[in-house]
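A.B. asks: In terms of the numbering used here, the sequence shown opens at residue 471 and continues consecutively.
Ideal Cβ positions, reconstructed from N, Cα and C, are used throughout, including at glycine.
Shown below is the structure under consideration.
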Amino acid sequence: MTERFLQELMEKHDVEDTVFLVDGAQHLRTVLHRHGPQFRYEKHGNRKVVEPIFKDIERRTTSFSNCFSHAKPSTAESWLQAFAVWQNATN
């Protein structure tokens, strides 16, 4: 899954000059080494700053999935579009 994500990321975005920050997860270092992007091991610091954001995204995604687990994809899509309009208008 990590390899697939990285491949899609590299196809869709210019990450040639990007330095990926990784923790002790060996599979991340292996995949990055195999595909060539620069990476740097960082146990603390900048990497820790973004983790709460990803945890919140994961929590919200799980919550959304639970709410729409039995809905048709078109229903979920309509709801997301309406929510995006509301969110952008109020913020």
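Does V569 pass the burial test, meaning 16 or more other C-beta atoms within 10 Å, or should it be called exposed?
C.D. replies: The structure shown does not extend to residue 569, since the chain is modelled only from 471 to 561, so the question has no answer here.
A.B. asks: Can you give me the C-alpha to C-alpha distance between V485 and P507, rounded to a whole angstrom?
C.D. replies: Going from the Cα of V485 to the Cα of P507 covers about 8 Å.
A.B. asks: Taking the continuous beta strand (DSSP E) assigned at F509, which residues delimit it?
C.D. replies: 508-511
A.B. asks: Which runs of the alpha helix (DSSP H), 4 residues or longer, sit entirely within the stretch 531-561?
C.D. replies: 543-560
A.B. asks: Write down every uninterrupted run of the beta strand (DSSP E) in the stretch 477-512 whose length is 3 residues or greater and which is fully enclosed by it, in chain order.
C.D. replies: Counting whole runs of 3 or more residues, the stretch 477-512 contains the beta strand (DSSP E) stretches 489-492, 508-511.
A.B. asks: Can you tell me whether V520 is buried or exposed? The criterion is at least 16 other CB atoms within 10 Å of its CB, across all chains shown.
C.D. replies: exposed
A.B. asks: Do V492 and F509 come within 7 Å of each other at the CB atom, strictly closer than that value?
C.D. replies: yes
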